[in-house]
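Remarks on the structure that follows.
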Amino acid sequence: MGIELKILNNSGLKKILIVGVFHGDEPQGEFFINKYLEKEYKDSKNALYFIPRLNKNNKRTNANGVDLNRNFPTKNWQKSARGDYFGGDIPNSEEETKFLVNLIEDNSFDVIVTIHAPYKIINYDGPALELAQKISLILNYPVESDIGYPTPGSFGTYCGVERQIPVITIEIDENKAPEELLERFIKLFDYLRCEY
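Going from the sequence shown to my numbering is simple: count from 1 and add 13.
Take a look at the structure:
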């Protein structure tokens, strides 16, 4: 499968996981992460774990037609009809999901950030309100505790609600070129690396 995991300062005070491209038609996260990792960083307070692109497919679902953000083994997972929000025949059936579940079981992450589109909000799960408010100031998007529709089997439920790991879901403006938003994301990653 070849999911790439890149680590900055693996002995940092806090461990922060940043995931790009859960949905293949939301590629902006990969751009922000790869641009950030082009530079070398000598002073890092925290350890940043980056997955530039979780979903290698170029549409919402993965190669098996599964929405990865509905495939996690949560209490509220449910089988649904095939389509853009199909969560698989069983939870945790996909290689990408298994990769993340194993990574989370093997590491004690202090924070997890995922980059999505297009709602222009900072959504959060678990004990993440304070961090969501800080990220809101950096990215200039409002904080919303609810995305506005049910998300059974979601990553936010799996990590934030059920494991109480602070989870931030950044929903960016898909009508802006990633280059226009890059400076804000560099500030965000710098904040997570050095100040949080």
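Idealized CB from N, CA, C, for every residue including glycine.
- Counting C-beta atoms within 10 angstroms of its own C-beta, C207 has fewer than 16 neighbours from the protein chains shown and is therefore classed as exposed.
- The beta carbon of Y132 sits closer than 6 Å to those of E184, all from its chain and outside the five residues before and after it, given in chain order.
- Relative to Q91, the option among A141, T164, L201, D186 whose CA is nearest is T164.
- In the structure shown, the three-state DSSP call for T182 is strand.
- Residue burial is scored here from C-beta neighbours: L18 has fewer than 16 other C-beta atoms within 10 angstroms and is therefore classed as exposed.
- Where D138 is concerned, the enclosing beta strand (DSSP E) starts and stops at 134–138.
- The C-beta distance from L81 to E109 rounds to 5 Å, short enough to meet the 8 Å contact threshold.
- When secondary structure is reduced to three states using DSSP, V124 falls in the strand class.
- Restricting attention to V174, Y209, K147, N23, the CA atom closest to the CA of I134 is found in K147.
- Annotation for F112: no beta strand (DSSP E) segment contains it, though the alpha helix (DSSP H) segment containing it runs 108–119.
- Under the three-state reduction of DSSP output, F202 falls in the helix class.
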